[in-house]
Amino acid sequence: MKFRIPSPKPLASSGILLPPNNKTATTRITSNSGSPIVSSILKRRLRRAGGLQWDLFERGNNQVFRADTLAQLGWLTHGFGTRLSKNWPSSNGLAFVKQVHSDRVLRVESDGPQGQGDAMISNLPGIALAIKTADCLPILMADPKSRAVAAIHAGWRGVVSKIAPKTVQALTREFGTRPEELVVAIGPGIGACCFEVGPEVAIQFGLAGRTKVDLAATVCQQLGRNGVPAGQMSVSGLCSYCDSQLFESYRRDREGAGRMIAMIGVVGAL
Ligand SMILES: [Zn+2]
Numbered sequence: 013m014k015f016r017i018p019s020p021k022p023l024a025s026s027g028i029l030l031p032p033n034n035k036t037a038t039t040r041i042t043s044n045s046g047s048p049i050v051s052s053i054l055k056r057r058l059r060r061a062g063g064l065q066w067d068l069f070e071r072g073n074n075q076v077f078r079a080d081t082l083a084q085l086g087w088l089t090h091g092f093g094t095r096l097s098k099n100w101p102s103s104n105g106l107a108f109v110k111q112v113h114s115d116r117v118l119r120v121e122s123d124g125p126q127g128q129g130d131a132m133i134s135n136l137p138g139i140a141l142a143i144k145t146a147d148c149l150p151i152l153m154a155d156p157k158s159r160a161v162a163a164i165h166a167g168w169r170g171v172v173s174k175i176a177p178k179t180v181q182a183l184t185r186e187f188g189t190r191p192e193e194l195v196v197a198i199g200p201g202i203g204a205c206c207f208e209v210g211p212e213v214a215i216q217f218g219l220a221g222r223t224k225v226d227l228a229a230t231v232c233q234q235l236g237r238n239g240v241p242a243g244q245m246s247v248s249g250l251c252s253y254c255d256s257q258l259f260e261s262y263r264r265d266r267e268g269a270g271r272m273i274a275m276i277g278v279v280g281a282l
């Protein structure tokens, strides 16, 4: 299958992020210990003021999506599970929170339940920070310098309360992370295509009337204002509501919706 390889261009760091568009799906063969694996690659273009960027998410074994930018960091493990990801991730070393649509960031020192909150940060090997979503955005972060990681659950309430920039601030406070070094990946969640809100929610995004809201773009704008370079943020552009084969969606399936897991952790023994 033939596809165009775009030439990356530098981005204006203050560039406005527009919704992902121009989705194309293709396949490539990779070799893993001699056996060929067909994995699908989703290429998408993010149109921004000042340039174009292509971000890559790859669907690998067990229908788990991984961001190329995070996959390049050998000291961590990560993934965005789908509704088809069975028995993934393994339960060993998982840390999780009771998610309450807050802006609360917890520093994780052990695996298991961490209490109420919607973001976790850690630099301890052997612990995987896991969050559950069905339309809300799973956001994973890694600081290659301090080798600290973060996992965030962000629905519209979390986005409005700026949970993503607050997580960056917590990483800085706890681990000395510099925002300009941070690598960020935003996995599958409800897209602007399907997230129509009423006036009472719209106004919290600076919008008016019944309108569509782009949560991922809003998060990127918030992070950009907090010093994370646009070129270090990857957005899957995959809408949980649109694809009922792959993704859980609360808005679509209501009480029948399951949850998808996204996780990130520093490799090693606890
Ligand atoms: Zn959609």
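Read in order, the letters of the sequence shown correspond to residues 13 to 282 in our numbering.
The beta carbon of each residue, even a glycine, is placed where N, CA and C say it ideally should be.
If you're wondering where the values come from, they're calculated on a predicted model, not measured in any experiment.
Could you tell me if the beta carbon of Gly249 falls within a distance shorter than 7 Å of some heavy atom in ligand 1?
no
Given that a residue counts as buried once 16 or more other Cβ atoms are within 10 Å of its Cβ, and exposed if not, what is Ser19?
Note that Ser19 scores 33 on pLDDT, short of 50, meaning its location in the model is unreliable and no value can be drawn from it.
Starting from Gly124 and walking both ways along the beta strand (DSSP E), at which residues does that stretch end?
124 to 128
Proximity below 8 Å, CB of Ser97 to CB of Val76:
yes
Exposure of Gln257, with buried meaning 16 or more beta-carbon neighbours within 10 Å:
exposed
For Cys232, which of helix, strand or coil comes out of DSSP?
helix
For ligand 1, I want to know if Cys254 counts as a neighbour, meaning its beta carbon is within less than 7 Å of at least one of the ligand's heavy atoms.
yes
DSSP state of Glu212 mapped onto helix, strand, coil:
helix
Is it a yes or a no for the stretch 152 to 160 touching the stretch 81 to 95, going by three-plus beta-carbon pairs under 8 Å?
yes
With distances taken between CB atoms, is the gap from Met272 to Ala146 smaller than 8 Å?
yes
Could you give the distance in angstroms between the alpha-carbon of Leu282 and the alpha-carbon of Cys205?
42 Å
Determine the direct distance from the alpha carbon of Asp265 to that of Val279, and round the result to whole angstroms.
35 Å
Using only CA atoms, which one of Lys174, Leu68, Met132, Arg263 lies nearest to Phe217?
Lys174
Rounded to whole angstroms, what is the Cα-Cα separation between Ile164 and Ala176?
7 Å
Backbone CA spacing between Asp80 and Val209 [nearest angstrom]
32 Å
Among all the DSSP beta bridges, which residues are the ones paired with Thr251?
The identity of residue 251 in the sequence shown is Cys, whereas the question assumes Thr. Beta-bridge pairing links Cys251 to Gly201.
Can you tell which of Gly129, Ser261, Gly72, Gly270 has its C-alpha closest to the C-alpha of Pro324?
Residue numbering for the chain in the displayed model covers 13 to 282; residue 324 lies beyond these limits and cannot be assessed.
So Glu192 packs on Gly239, CB below 8 Å; how close in whole Å?
6 Å
Is Gly203 near ligand 1, in the sense that its beta carbon is under 7 Å from a heavy atom of that ligand?
yes
Please tell me whether, using a cut-off of 7 Å, the distance from the CB of Cys148 to the nearest non-hydrogen atom of ligand 1 is below it.
no
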